[in-house]
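As numbered in the working numbering, residues 98 to 504 make up the sequence shown, in order.
Built from N, CA and C at the ideal position, the CB exists for glycine as well.
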Amino acid sequence: MASVRQIRQSKKLLDVRYDVRGPILVEAQRLEAEGHRILKLNIGNPAPFGFEAPEAILSDVTHHLGESQGYSDSRGIYPARTAVAQYYQGRGLRDVSVEDVFIGNGVSELISMVLQAFLDDGNEILVPAPDYPLWTGAVTLSGGTPVHYLCDEANDWNPDLADIESKITEHTQGIVIINPNNPTGAVYSREVVAGLVDIARRHELVVFADEIYEKILFDDAVHHHAAAAAGSDVLCLTFSGLSKAYRVCGYRSGWVMISGPKEIATDFLEGLTLVANMRMCPNVPAQHAIQTALGGYQSVEELIAPGGRFYEQSMLAHRLLNEIPGVSSVKPKGALYCFPRLDPEVYPVEDDEALVIDLLRAKKILVTHGTGFNWPDPDHFRLVTLPDVTVLEEAIGRIADFLATQR
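Shown next as structure tokens:
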């Protein structure tokens, strides 16, 4: 018989990983097909854990369905873009206008669009380690090279500015700042944000500020926009959206806002507009949620205050993880995750992906291994803190029982 040509994936995907939905999830789905019930603590998706969108958002989207049947402007509907511009104007960024805003099908789509419009083959982008892995994957898929700068666990997971400086080359074009940070829960001080932006200023880098968790802050943590530090002389692209704070992940409703010296980025912005045109437009019904969300009552405030679910669950997870022998977890200041460390002296892990698969099979708990977030050592994992306290206690108890077999 004649040989049959095998259809293979593009070589562009060779170094692209997205382990949050990778081989571990495939194994979880296999176990579910066998009838097992899996507690999925691998993705920050509030809906399965009983969080619902504010009624005003649901009502407004429903009200506008009749007028959402056609394409919108490729950059998004005018009221949504205006609401985003006014949101940042109200936070001191007075030069932001509706023309500086692109709406997207979630921040994930916008990250890919922006990097496709920005990167040439061989360009380098500084990305934190650990990171939200889409950044690393999208840089690679766009032809660039991700260069990971370390965040310091011993210093509340703040970026190591000296490490960043040491990794800048003639090929470096931009720096990614994830604040509040996924997966560590770090929230950067004004001084840290200013230090990061100052590096970009001195080396003429573009700042990509992922701020999707900006409203999920605990205790006295304060979020500082990178765009405010960037001012008028550093080009800054700020990414945010409704998924987390407004509990509408499935709406895929996000935005990117461009600030700083846009006059030096005319060519790039033309390219971004071209990429936006090619995807026709963002999901139109979900765009109608933006104006209501940003202008209405901020129900997330109840969730992040002491007594609120986001707060209590995050603090409980932090405490219970630290009670496990050989496990340490930096207290999260924001976001929806803990990123605990397994002491290598206690747990000599060589393959953290294999470890979490073993956990999944033994205890039916799905978490994500630390190297999946481009952390260099196999000694961490990420835990989503969205289950209510009873479920979270049970889950971490099962993790503790499993780890007792690994010591």
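Would you kindly report the start and end of the unbroken alpha helix (DSSP H) that includes residue i?
{"i": "residue 121", "result": "120-130"}
{"i": "residue 382", "result": "381-392"}
{"i": "residue 416", "result": "406-419"}
{"i": "residue 290", "result": "287-299"}
{"i": "residue 440", "result": "Per DSSP, residue 440 belongs to no alpha helix (DSSP H) and is neither H nor E."}
{"i": "residue 553", "result": "The structure shown does not extend to residue 553, since the chain is modelled only from 98 to 504, so the question has no answer here."}
{"i": "residue 325", "result": "323-327"}
Please state the DSSP three-state secondary structure of residue i.
{"i": "residue 359", "result": "helix"}
{"i": "residue 100", "result": "coil"}
{"i": "residue 230", "result": "helix"}
{"i": "residue 502", "result": "coil"}
{"i": "residue 306", "result": "strand"}
{"i": "residue 434", "result": "strand"}
{"i": "residue 403", "result": "coil"}
{"i": "residue 145", "result": "helix"}
{"i": "residue 341", "result": "coil"}
{"i": "residue 314", "result": "strand"}
{"i": "residue 54", "result": "With the chain covering only 98 through 504, there is no way to say anything about residue 54."}
{"i": "residue 190", "result": "coil"}
{"i": "residue 138", "result": "coil"}
{"i": "residue 205", "result": "helix"}
{"i": "residue 494", "result": "helix"}
{"i": "residue 179", "result": "helix"}
{"i": "residue 364", "result": "helix"}
{"i": "residue 260", "result": "helix"}
{"i": "residue 283", "result": "coil"}
{"i": "residue 185", "result": "helix"}
{"i": "residue 154", "result": "helix"}
{"i": "residue 167", "result": "coil"}
{"i": "residue 173", "result": "coil"}
{"i": "residue 371", "result": "helix"}
{"i": "residue 266", "result": "coil"}
{"i": "residue 319", "result": "coil"}
{"i": "residue 395", "result": "coil"}
{"i": "residue 236", "result": "helix"}
Just list the residues that DSSP pairs residue i with in beta bridges.
{"i": "residue 378", "result": "DSSP output for residue 378 lists no bridge partner at all."}
{"i": "residue 249", "result": "255"}
{"i": "residue 353", "result": "199 and 336"}
{"i": "residue 481", "result": "434"}
{"i": "residue 161", "result": "None, per the DSSP bridge assignment."}
{"i": "residue 466", "result": "478"}
{"i": "residue 222", "result": "243 and 271"}
{"i": "residue 425", "result": "438"}
Identify the continuous beta strand (DSSP E) that holds residue i and give its terminal residues.
{"i": "residue 271", "result": "269-275"}
Under 8 angstroms by Cβ, that's how I've got residue i and residue j pegged, so tell me the actual separation to the nearest angstrom.
{"i": "residue 483", "j": "residue 143", "result": "6 angstroms"}
{"i": "residue 336", "j": "residue 208", "result": "7 angstroms"}
{"i": "residue 113", "j": "residue 238", "result": "5 angstroms"}
{"i": "residue 449", "j": "residue 478", "result": "7 angstroms"}
{"i": "residue 154", "j": "residue 345", "result": "7 angstroms"}
{"i": "residue 481", "j": "residue 138", "result": "4 angstroms"}
{"i": "residue 211", "j": "residue 369", "result": "6 angstroms"}
{"i": "residue 507", "j": "residue 227", "result": "The requested residue 507 does not occur in the structure, where the chain is confined to residues 98 to 504."}
{"i": "residue 354", "j": "residue 171", "result": "Actually they are not in contact, since the Cβ atoms of residue 354 and residue 171 sit about 16 angstroms apart, beyond 8 angstroms."}
{"i": "residue 499", "j": "residue 461", "result": "About 10 angstroms; that fails the 8 angstroms criterion."}
{"i": "residue 418", "j": "residue 426", "result": "4 angstroms"}
{"i": "residue 350", "j": "residue 203", "result": "7 angstroms"}
{"i": "residue 121", "j": "residue 502", "result": "19 angstroms between Cβ atoms; not a contact."}
{"i": "residue 221", "j": "residue 234", "result": "Their Cβ separation, rounded to whole angstroms, is 15 angstroms, which puts residue 221 and residue 234 out of contact at 8 angstroms."}
Tell me whether residue i, by its Cβ, gets closer than 7 angstroms to a heavy atom of the ligand GTP.
{"i": "residue 228", "result": "The model on display carries no ligand, and the ligand GTP is accordingly not part of it."}
Report yes or no: do the segment 395-411 and the segment 240-257 share at least 3 C-beta pairs separated by less than 8 angstroms?
As far as the Cβ criterion goes, the segment 395-411 does not touch the segment 240-257, which means the pair count is below three.
Flag this pair as touching only if the segment 213-232 and the segment 188-201 have three or more C-beta atom pairs under 8 angstroms; answer yes or no.
Per the Cβ contact rule, the segment 213-232 is not in contact with the segment 188-201 (fewer than 3 Cβ pairs under 8 angstroms).
contact_flag[the segment 156-174, the segment 314-325] where n(CB pairs < 8 angstroms) is 3 or more
no
Counting Cβ pairs, one atom from each stretch, are 3 or more of them under 8 angstroms apart for the segment 431-446 and the segment 275-285?
yes
Decide if the segment 293-307 is in contact with the segment 265-278; the criterion is three or more beta carbon pairs, one per stretch, under 8 angstroms apart.
Short answer: they touch.
Specify whether the segment 409-425 and the segment 434-449 touch according to this definition: at least 3 beta carbon pairs, one from each stretch, less than 8 angstroms apart.
yes
Do the segment 147-163 and the segment 366-385 touch if we need at least three Cβ pairs shorter than 8 angstroms?
They touch, by the three-pair rule.
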